[in-house]
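Engineer: Quick one: the structure is below, and I'll ask about it shortly.
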Amino acid sequence: MSALATAPLQLLPHTPRAHPVESRSGAPGGPLTLEERLELELGAALADRPAACPACGGRMVRSGEAEARCGDCGTTLS
101 MSALATAPLQ LLPHTPRAHP VESRSGAPGG PLTLEERLEL ELGAALADRP AACPACGGRM
161 VRSGEAEARC GDCGTTLS
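So for the sequence shown, our numbering puts the first residue at 101; every next one is plus one.
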């Protein structure tokens, strides 16, 4: 088993956004679902707006027509 699989889970701190986003599935101001967070960050990167990697918090940048990649850890969203 890899060290990554046995490492303790560390949650990234919440990063405030310039324009707050409301969850479609919860109360206004509630936490986003994973799907909503991934869509938000991918959409921001594709529009050349600041986007944070959901895995490490690094900067996501557009890397294709419908793809974004983290410059720190290499995570790809598409």
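Note that beta-carbon positions come from the ideal geometry of N, C-alpha and C, so glycine has one too. Given the structure is predicted, the values throughout are model-derived calculations rather than measurements.
Report the residue from Gly129, Glu135, Ala168, Gly164 whose alpha carbon sits nearest the alpha carbon of Ala151.
Structural biologist: When each option's Cα is compared against that of Ala151, the closest is Ala168.
Engineer: Give every residue of the same chain whose Cβ lies closer than 8 Å to the Cβ of Ala145, excluding the five residues on either side of it in the sequence, and list them in chain order.
Structural biologist: The residues are Ala151, Met160, Val161, Arg162, Ala168, Leu177.
Engineer: Helix, strand or coil for Arg149? Go by DSSP, reduced to three states.
Structural biologist: Arg149: coil per DSSP, three-state reduction.
Engineer: Determine the burial state of Leu104: buried for a count of at least 16 other Cβ atoms within 10 Å of its Cβ, exposed for fewer.
Structural biologist: Low confidence applies to Leu104: its pLDDT is 49, below 50, so where it sits in the model is not reliable enough to give any reading.
Engineer: Please name the residue in Gly171, Gly129, Gly174, Gly164 whose C-alpha comes closest to that of Ala147.
Structural biologist: Here the closest residue by C-alpha is Gly164.
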